[in-house]
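Here is the structure we will look at.
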Amino acid sequence: MITRQEFARRRETLIELMAENSIAIITAAPERVRNRDVHYPYRQDSDFYYLTGFQEPESVLVLVPGRAQGQFLMFCRDRNPEREIWDGYRAGPEGACSEYGADDAFPIDDIDDILPGLLEGRDRVYYAMGKDPAFDRHLMDWVNSIRARARAGATPPGEFVDLDHLLHELRLFKSSTEQKIMRTAAEISARAHRRAMQICRPGLFEYQLQAEIEHEFAMAGSRFPAYGSIVGGGANGCILHYVENSAPLKDGDLVLIDAGCELQHYASDITRTFPVNGKFSAEQKAVYDVVLQSQLAGIEACKVGNHWNEPHQVTVDVITDGLMDLGILKGERNELIETGAYRDFYMHRAGHWLGMDVHDVGDYKVHEEWRVLEPGMVMTVEPGIYISPDNQQVDERWRGIGIRIEDDVLIKSKGASVLSKDVPKTTRDIEALMADK
Ligand code: GLY
Ligand code: MN
Ligand code: MN
């Protein structure tokens with residue numbers, strides 16, 4: 007669990023990076039309407055949560071370095087006994103101070119009266135412009151209200167700076183507590199994938215396998231998937247973000263499951279592809295082994311000192327070689343790599359940063375160069391081969407095969423640690439687990 011001390015350390019680190027006489031404003035995620043008066047399940051904004059641990063909507067965090075009366079200010083919903091009967095507990099400004107450590111807190115309804123005074127005289131405002139257009143407009147109104155009083159000596163801030171750059175660099179490096187949570191999240195997801203392998207049989211619907219996965223998440227203490235679970239049988243596995251999950255699973259097909267739980271606001275992200283009936287066909291196994299070799303080589307390249315693109319490049323090389331061996335790609339190897347011929351079959355990158363967001367924050371390039379991998383970073387390695395059912399260029403027996411294998415990898419000073427290692431991924435181990443019902 008992230009402790010109050012850790013949330014405080016994060017704010018202190020950010021405050022140290024901020025310029026003198028500046029202010030940072032970070033807003034909570036808005037509630038989103040599903041239909042009429044029904045909302046989607048609320049999920050706090052990751053930046054806001056990272057710095058506060060506060061779960062409520064309609065909240066604003068303000069950091070004012072060097073402010074004598076306190077640097078950590080919060081605006082949030084007031085206590086309201088009547089609303090709380092309908093919607094549940096609210097911490098209120100008192101709770102924001104006593105439970106979350108704010109130095110000072112105010113009702114969100116008073117923000118128009120209070121925030122201009124905090125902005126006035128500050129040189130620089132750190133703010134993620136464009137993320138919440140309604141709040142952007144409020145902020146401009148507050149700045150203009152200060153401008154309107156310029157002749158009375160009020161000075162509006164002169165500079166708006168993107169907060170993301172500072173904050174996301176902090177989020178990129180996971181503390182030991184964050185690493186522990188992410189390892190547990192990956193272990194829960196691994197268990198869910200094993201459950202799916204053991205329960206799978208022809209005739210089950212994709213969404214029923216999804217339910218088995220998500221059941222395991224909840225039973226292990228995770229409230230939500232970190233993203234929409236993908237369960238694609240047969241050629242649906244070739245649709246990269248397939249989330250309909252509505253088709254029946256067929257004997258003789260593969261099923262691709264890309265699903266990961268979110269635990270305490272941290273994501274896991276695992277993909278496995280396995281035969282619906284428990285046995286790989288010769289063609290499925292041949293393509294699968296190419297993906298697996300590329301994934302293992304990609305993980306091998308996840309080490310301190312290598313740059314971000316190296317694992318990707320390795321997967322491209324192995325997949326190009328493998329597709330040539332199978333006769334699916336024809337031509338001269340280097341030319342196939344240079345012209346990107348593999349992209350007809352492998353059209354995404356090998357991975358992404360992983361953290362509070364499944365596609366987590368953090369720059370991939372620094373000064374136009376791929377960034378070097380460092381301890382504490384967490385990334386996925388997830389190559390795939392997708393042979394469209396409509397691809398007339400390849401022999402019919404390969405068509406409609408879609409395979410991805412994805413693991414979560416923590417970079418450590420000595421090599422990498424595969425957080426999601428507990429799900430089998432060789433064809434032999436998968437078949438053995440599926441036979442063991
Ligand atoms: N599940 C999204 C991804 O693998 O990137
Ligand atoms: Mn995934
Ligand atoms: Mn992923």
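When you read off a place in the sequence shown, starting at 1, and then add 6, the result is the number in our numbering. Note that CB positions come from ideal geometry on N, CA and C, so glycine has one too. Predicted model, so just to flag it, every value in this text is computed and none were measured.
Cα-Cα separation, residue i to residue j
| i | j | result |
| --- | --- | --- |
| A356 | R42 | 40 Å |
| N150 | V39 | 31 Å |
| M7 | C267 | 16 Å |
| D435 | N340 | 34 Å |
| G238 | N251 | 6 Å |
| E218 | I263 | 12 Å |
| P47 | F54 | 17 Å |
| Y370 | W376 | 6 Å |
| P231 | E220 | 7 Å |
| M146 | E26 | 22 Å |
| D138 | A158 | 31 Å |
| V378 | Y392 | 30 Å |
| R207 | D257 | 8 Å |
| H171 | E18 | 16 Å |
| P254 | K285 | 18 Å |
| P162 | I152 | 6 Å |
| G209 | G94 | 42 Å |
| W148 | G361 | 34 Å |
| T326 | V372 | 28 Å |
| L57 | Q270 | 14 Å |
| D413 | E374 | 27 Å |
| E212 | R16 | 41 Å |
| N86 | T9 | 27 Å |
| H354 | S28 | 40 Å |
Any non-hydrogen atom of ligand 2 closer than 7 Å to residue i Cβ
| i | result |
| --- | --- |
| T277 | yes |
| D264 | yes |
Residues of its chain near residue i, where Cβ-Cβ distance is below 7 Å and the 5 sequence neighbours each way are ignored
| i | result |
| --- | --- |
| P281 | L260 and Q290 |
| F223 | I194, A198, P231 and C267 |
Closer than 7 Å: residue i CB and nearest ligand 1 heavy atom
| i | result |
| --- | --- |
| Y233 | yes |
| H318 | no |
| V364 | yes |
8 Å CB neighbourhood of residue i in its chain, flanking five on each side removed
| i | result |
| --- | --- |
| S181 | E12 and G382 |
| I114 | E64, S65, V66, F81, C82, R83 and D84 |
| T432 | L298 |
| D442 | Q204 |
Cβ-based neighbour list, residue i, same chain, cut-off 6 Å, excluding 5 preceding and 5 following
| i | result |
| --- | --- |
| Y248 | I236, G238 and N242 |
| P430 | I436 and L439 |
| E316 | A307 |
| I31 | V68 and Y133 |
| G76 | D109 and D110 |
| L121 | W148 |
8 Å Cβ cutoff, residue i in contact with chain D
| i | result |
| --- | --- |
| A265 | You won't find chain D in this structure, because it holds only one protein chain. |
Proximity test, residue i beta-carbon vs ligand 5 heavy atom, cut-off 7 Å
| i | result |
| --- | --- |
| S182 | As for ligand 5, it is missing from this structure, which binds only ligand 1, ligand 2 and ligand 3. |
### Message
Check whether the stretch 187-196 and the stretch 225-233 are in contact - that is, three or more C-beta pairs closer than 8 Å.
### Response
Per the Cβ contact rule, the stretch 187-196 is in contact with the stretch 225-233 (3 or more Cβ pairs under 8 Å).
### Query
Listed by chain order, which residues have C-beta atoms less than 6 Å from any heavy atom of ligand 3?
Working through the chain, the matches are D275, H358, T386, E388 and E412.
### Three-pair Cβ contact test at 8 Å for the stretch 12-24 versus the stretch 67-81
With the cut-off at 8 Å, the stretch 12-24 and the stretch 67-81 touch.
### Task
Decide if the stretch 328-335 is in contact with the stretch 301-317; the criterion is three or more beta carbon pairs, one per stretch, under 8 Å apart.
No contact exists between the stretch 328-335 and the stretch 301-317.
### Message
Assess contact between the stretch 103-114 and the stretch 125-139, defined as three or more Cβ pairs (one per stretch) separated by less than 8 Å. Is contact present?
### Response
Inter-segment contact for the stretch 103-114 and the stretch 125-139 is absent: fewer than three beta-carbon pairs are separated by less than 8 Å.
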